[in-house]
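Novice: My structure is below; once you've seen it, I'll send some questions.
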Amino acid sequence: MEGTAFCQPSPSQVFAGTLADVDNGNANANGNLGEAGPAQPTAPLAEPALASDANDNELPPPEAEGLGCPQTAHPTVEPAEDDNNNVATAPATQHIPSPGAEAPSPGREQVPPLLPPVAPPPAASTSKRTNLKKPDSERTGRGLRVRFNPLALLLDASLEGEFDLVQRVIYEVEDPSKPNDEGITPLHNAVCAGHHHIVKFLLDFGVNVNAADSDGWTPLHCAASCNSVHLCKQLVESGAAIFASTISDIETAADKCEEMEEGYIQCSQFLYGVQEKLGVMNKGVVYALWGYEAQSSDELTFHEGDAITILRRKDESETEWWWARLGDREGYVPKNLLGLYPRIKPRQRTLA
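The numbering of the sequence shown is full-length UniProt numbering, which starts it at 1 and goes up by one.
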């Protein structure tokens with residue numbers, strides 16, 4: 001009877017339907033299942049007769065479940081269904097629990113999962129935050145301050161053109177002519193960067209104008225490679241060695257002028273001109289830039305700053321040694337130790 005609402009029968013009707021199922025489901029005396037008997041002629045038993053069709057493995061129509069009346073009593077399970085080996089069908093409205101959410105057994109105590117400890121929130125400070133130290137706070141810094149290497153500062157300041165820093169930090173350096181690991185001095189950096197005012201300050205301070213790096217490059221070589229005739233003249237007048245040569249290619253400062261760069265002609269002419277005039281101009285008087293101890297009887301011993309008069313620049317047997325007179329003695333002197341001007345003496349180390 002599709003489309004007809006099914007209501008829960010009264011207890012008498014349930015009992016009557018149960019008897020009908022038992023009669024239909026029990027085996028007869030021969031051991032065979034009996035056939036379903038005819039429906040009872042009475043009208044109240046007409047509806048339970050349809051319930052016996054459930055033993056024929058037919059499910060009730062879905063409309064009957066949705067329109068059913070509220071249950072007032074729990075019906076008992078008929079043994080006829082167990083005897084017929086039929087699987088009981090759960091009502092559509094029954095909730096089937098998931099496998100992972102099983103209810104804990106009453107005999108086993110449910111242990112809650114362990115949670116990581118939660119740190120309590122920091123207490124809110126009612127005082128105003130400040131960077132100032134409290135009067136009763138303990139000293140932790142011990143007054144320590146970061147201090148940089150003065151020589152490293154002088155090297156960087158000379159290269160970057162920080163004149164104020166050069167003037168201040170040079171008094172903290174034990175030897176302003178001391179080079180770094182590559183033989184570079186602050187004067188090298190100032191000359192290569194073209195900072196004329198720093199170069200003049202360092203020269204007046206008395207740094208070594210002829211300090212050579214690991215390849216024998218002096219500040220005069222650096223100025224020549226930049227074609228800076230102004231710096232070359234300033235270095236020569238401060239006692240630069242015009243004939244000092246490099247180690248790898250044995251070249252003087254005049255040989256380092258860049259031919260393809262601007263200022264080559266002026267710089268080259270000036271340096272080669274000084275080489276030609278050394279020992280000729282100023283009545284042949286030159287100045288010893290280093291001291292030298294005679295190694296043979298025909299050589300002269302001299303000290304730094306001595307004024308030596310050149311008598312003969314070169315002859316058939318010697319080109320790198322010149323014949324000179326110092327006082328009442330004469331002999332050979334190496335030309336690469338001579339300069340057109342004497343070196344500037346280092347300044348007294350007092351704060352300016």
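Every residue gets a Cβ at the ideal spot worked out from N, C-alpha and C, and that includes glycine.
(1) How should Ser-214 be labelled, buried or exposed, when 16 other C-beta atoms within 10 angstroms of its C-beta is the threshold for buried?
(2) Relative to the alpha-carbon of Glu-346, which residue among Val-207, Tyr-171, Lys-200, Tyr-332 has its alpha-carbon at the smallest distance?
(3) Can you tell me the Cβ-Cβ gap for Gln-234 and Lys-200, rounded? I've got them flagged as a contact below 8 Å.
(4) Taking the DSSP output, what are the residues bridged to Val-285?
(5) According to DSSP, is Gly-331 part of a helix, a strand, or is it coil?
(6) What's the C-alpha gap between His-196 and Leu-231?
(7) Quick test of the definition: if touching needs 3 or more C-beta pairs under 8 Å, does the region 325-339 touch the region 296-307?
(8) Given this structure, state the Cα-to-Cα distance separating Ala-307 from Leu-326, to the nearest angstrom.
(9) Taking the alpha-carbon positions, what's the Met-281 to Tyr-272 distance?
(10) Distance, Cα to Cα, Pro-150 vs Trp-322?
(11) With Val-236 and Leu-340 assumed to form a contact (beta carbons below 8 Å), what rounded beta-carbon distance in angstroms separates them?
(12) Whose C-beta lies closer than 6 Å to the C-beta of Glu-293 among residues of the same chain, with five residues either side of it excluded?
(13) Suppose the cutoff is 8 Å on Cβ atoms and the five residues either side in sequence are ignored; what does the same chain contact list for Glu-182 look like?
(14) Would you kindly work out how many angstroms separate the C-alpha atoms of Glu-259 and Thr-252, rounded to a whole number?
(15) Suppose you measure from the CA of Gly-216 to the CA of Arg-147; what does that come to, to the nearest Å?
(16) CA-CA distance, Ala-190 and Asp-315?
(17) Rounding to the nearest angstrom, what Cα-Cα distance links Glu-320 and Ala-244 in this structure?
(18) Cβ of His-221 within 8 Å of Cβ of Lys-178?
(19) Nearest-angstrom Cα distance between Thr-309 and Lys-335?
(20) Is the beta carbon of Cys-267 less than 8 Å from the beta carbon of Val-209?
(21) What does the Cβ neighbour count give for residue 357, buried or exposed, with the cut at 16 atoms within 10 Å?
(22) Can you look up Phe-302 in the DSSP assignment and give me helix, strand or coil?
(23) Counting along the chain, where does the alpha helix (DSSP H) carrying Leu-203 start and finish?
(24) Could you tell me whether the Cβ atoms of Tyr-287 and Leu-203 are closer together than 8 Å?
(25) Going by DSSP, what residue range makes up the beta strand (DSSP E) through Leu-326?
Specialist: Looking at the coordinates:
(1) Ser-214 comes out exposed.
(2) According to the sequence displayed, residue 346 carries Pro and not Glu. Shortest Cα-Cα distance from Pro-346 to any of Val-207, Tyr-171, Lys-200, Tyr-332 involves Val-207.
(3) Contact between Gln-234 and Lys-200 holds: CB atoms are separated by about 7 Å, below the 8 Å threshold.
(4) According to the DSSP secondary-structure assignment, Val-285 is paired through a beta bridge with Thr-309.
(5) Gly-331: strand per DSSP, three-state reduction.
(6) Rounded to the nearest angstrom, the two C-alpha atoms are 7 Å apart.
(7) At 8 Å Cβ cutoff, the stretches touch.
(8) Between Ala-307 and Leu-326, the C-alpha separation is close to 7 Å.
(9) A straight line joining the alpha-carbon of Met-281 with that of Tyr-272 spans about 14 Å.
(10) C-alpha separation (whole angstroms): 42 Å.
(11) Correct: roughly 6 Å between the Cβ atoms.
(12) Leaving aside the five residues that flank Glu-293 on each side, the residues in its chain whose CB is nearer than 6 Å to its CB run, in chain order, Thr-301.
(13) Excluding residues within five positions, the ones whose Cβ falls inside 8 Å are Asp-213, Ser-214.
(14) Rounded to the nearest angstrom, the gap between the Cα atoms of Glu-259 and Thr-252 is 15 Å.
(15) Their Cα atoms are separated by approximately 32 Å.
(16) In this structure, the straight-line span from the alpha carbon of Ala-190 to that of Asp-315 is close to 39 Å.
(17) Glu-320 and Ala-244 have their C-alpha atoms some 11 Å from each other.
(18) Contact: no.
(19) Pairing Thr-309 with Lys-335, the inter-Cα distance amounts to about 12 Å.
(20) Annotated as distal: Cys-267 and Val-209, with beta-carbon spacing of 8 Å or more.
(21) Residue 357 lies beyond the stretch modelled for the chain, which goes from 1 to 352, so this question has no answer here.
(22) Three-state result, Phe-302: strand.
(23) Here the alpha helix (DSSP H) through Leu-203 covers 196-205.
(24) No. Outside cutoff.
(25) Residue range 321-326 is occupied by the beta strand (DSSP E) that includes Leu-326.
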